[in-house]
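**Q** In the UniProt record's numbering, the protein residues as written are 1 to 210. Idealized CB from N, CA, C, for every residue including glycine. This one's a predicted model, so the numbers in the text were calculated from it and none came from an experiment.
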């Protein structure tokens with residue numbers, strides 16, 4: 001019998017290995033690409049690309065081997081990224097099915113807590129997709145259409161990556177009620193209100209009755 005759990009564990013390793021091999025063998029910028037971008041690179045960053053290691057693709061105005069390397073790298077990177085998102089969605093669907101099956105055998109509190117954890121994981125997955133995945137896809141597919149966004153695209157990416165470190169934990173805290181209540185001090189406020197408020201018809205237990 002095929003061990004699906006073992007196969008699922010190997011998927012990230014396969015994707016990571018494929019992406020690394022593609023970056024190292026196909027995506028690394030050769031001398032032709034560095035000479036092609038040398039003038040603009042020096043104007044924008046004040047650095048000579050000939051002295052730097054970088055990943056770059058050239059889609060036109062280059063030799064046939066360089067163009068093949070560029071297109072192949074972009075197709076592989078886009079495919080790996082798209083398959084990764086598909087795997088996320090598949091795992092989410094499998095987890096939901098498992099939780100539905102366990103709903104009849106677990107307490108309501110445990111079931112709700114599992115759903116809250118799943119919601120937090122979904123948020124934790126969606127944030128890097130929009131903050132990291134889409135900007136990267138835009139950055140290496142825009143040159144295909146001969147569009148030059150200049151330095152603003154770099155600023156957007158830097159801001160997005162910087163905001164990720166803040167948005168990710170905040171989203172998790174707000175998704176889980178136990179963390180949200182602790183941060184917002186809701187539980188403490190509720191206890192204080194409960195201790196202060198007293199029904200108007202309440203009678204002191206120590207009062208002597210006749």
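Buried or exposed: which applies to residue 27, given that a residue is buried once 16 or more other Cβ atoms fall within 10 Å of its Cβ?
**A** Position 27 of the chain shown, counted from the start, is the residue given in the question as residue 27. Label assigned to residue 27: buried.
**Q** With distances taken between CB atoms, is the gap from residue 160 to residue 183 smaller than 7 Å?
**A** Translated into the one-based positions of the chain shown, residue 160 becomes position 160. Translated into the one-based positions of the chain shown, residue 183 becomes position 183. Residue 160 is not a Cβ neighbour of residue 183, given a cutoff of 7 Å.
**Q** Using a Cβ distance threshold of 8 Å, determine whether the stretch 27 to 41 contacts the stretch 53 to 63, with at least three qualifying pairs required.
**A** yes
**Q** Is residue 55 helix, strand or coil by DSSP?
**A** Within the chain shown, residue 55 is the residue found at index 55, counting from 1. It is a strand residue.
**Q** For my contact list, residue 180 and residue 173 are in at a C-beta cut-off of 8 Å; report their separation, rounded to the angstrom.
**A** To locate residue 180, count along the chain shown from 1; it is residue 180. To locate residue 173, count along the chain shown from 1; it is residue 173. Yes, they are in contact, since the Cβ atoms of residue 180 and residue 173 sit about 6 Å apart, within 8 Å.
**Q** Whether or not the stretch 11 to 18 and the stretch 75 to 93 are in contact is what I'm after, with contact meaning three or more pairs of Cβ atoms, one per stretch, closer than 8 Å; do they touch?
**A** yes
**Q** Which value, in whole angstroms, describes the spacing of the CA atoms of residue 114 and residue 88?
**A** Stepping through the chain shown from its first residue, residue 114 is reached at position 114. Stepping through the chain shown from its first residue, residue 88 is reached at position 88. Going from the Cα of residue 114 to the Cα of residue 88 covers about 17 Å.
**Q** Going by DSSP, what residue range makes up the alpha helix (DSSP H) through residue 96?
**A** Looking up residue 96 in the chain shown gives position 96. From DSSP, the alpha helix (DSSP H) with residue 96 extends over 64 to 102.
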